[in-house]
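*Asks:*
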Amino acid sequence: MDLEATLLSVFIMYLACGFLAGALIGCIGIGGVVLVPLLVYFGGVDIKLAISAAMFAYIISGLVGTFIYAQSKSIQWSMALILFIGAAPGALLGSWLVAVIHADYLKALIGVLAVLSGVQTLRGGVKADHINTPTLANIPLIGIGTITGVLSSLTGTGGPLVLVPLLMWLRLPVLVAIGLSQAIQLPIATFATMANLMAGNFSWIIAIGLAAGISTGSLIGAKVAHRLPTATLKIIVAVVLTLVGGFLFVDVLA
């Protein structure tokens, strides 16, 4: 009975971690950056196992988020499909690199990415979105997709952490950037999970707990995002990124 109670409490903890990350992912596109640190520091999970379980959970959050944002016509599908071309091979490469890079370097990389993304978001200002969405050429989009795939599967952040600040820097409206970040989770998480399963670096208990929490959180967060002002969304994105990244980076230095 004690064992059952322990397993249940651990599963609930994974569920709660997934819910918090999912709510942030659905609302601001960026939330995966908190998931791996939550599992590592509060759940005692090995960082490489946490990354592989998180990538599986992003398949679910990607499906939920993509559905909600597509309903609200916030996804530019012509751009999304081009991003997918680069994201898929990038995800496979990033998953391979996880197995060969030391855990402390992974923590530091997540922290640096988060801080830089937060600062870039703040520098972009909080002005209203453009009426017309800018278009980007195919080659740059494929390159952006590849970079996003590598860094996302390498750090377990799912895609939005890298993609949202990049697209906002390129002057895309915040909801369009978040919508594309929802969709790009699907190829990145799918290919990364395939690679992790083949490498044997995976835990179904953690993955299922995270997936259950992240799906519910993503649904609620996506609904909230379409009711918040653009300026508020940008500020939330920047603050969350900077705080989490700063915590990780200071911890590694310590």
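Numbering (our numbering), first residue to last: 151 to 404. Ideal Cβ positions, reconstructed from N, Cα and C, are used throughout, including at glycine.
Measuring straight from C-alpha to C-alpha, what distance separates Gln226 and Phe217?
*Replies:* Cα-Cα distance, rounded: 13 angstroms.
*Asks:* Quick one, which of Leu170, Gly236, Gly306 has its alpha-carbon nearest Thr366's?
*Replies:* For Thr366, the nearest C-alpha among the options comes from Leu170.
*Asks:* If you measure between the beta carbons of Ala203 and Ile338, is that distance less than 8 angstroms?
*Replies:* It is not a contact, given that the beta carbons lie outside the stated cut-off.
*Asks:* Can you say whether Gln221 is buried or exposed, counting buried as having 16 or more other CB atoms within 10 angstroms of its CB?
*Replies:* Gln221 comes out exposed.
*Asks:* Kindly confirm or deny that the region 320-338 and the region 348-357 touch, where touching means at least three C-beta pairs closer than 8 angstroms.
*Replies:* In short, these stretches do not touch, since the Cβ pair count stays below three.
*Asks:* Does the contact criterion of 3 or more C-beta pairs under 8 angstroms hold for the region 177-186 versus the region 367-379?
*Replies:* Yes, the region 177-186 is in contact with the region 367-379.
*Asks:* Here's the rule: buried if 16 or more other CB atoms are within 10 angstroms of the residue's CB, otherwise exposed. What is Leu360?
*Replies:* Buried is the call here.
*Asks:* In the DSSP assignment, find the alpha helix (DSSP H) that holds Asn346 and state where it starts and stops.
*Replies:* Per DSSP, Asn346 belongs to the alpha helix (DSSP H) from 324-349.
*Asks:* So which of Pro310, Val314, Leu231, Pro315 has the shortest CA-CA distance to Ile292?
*Replies:* Here the closest residue by C-alpha is Leu231.
*Asks:* May I have the straight-line CA-CA distance separating Lys223 from Val326, to the nearest angstrom?
*Replies:* Their backbone Cα atoms lie some 9 angstroms apart in a straight line.
*Asks:* Is the number of C-beta pairs between the region 186-201 and the region 255-269 that are closer than 8 angstroms three or more?
*Replies:* Yes: at least three Cβ pairs fall under 8 angstroms.
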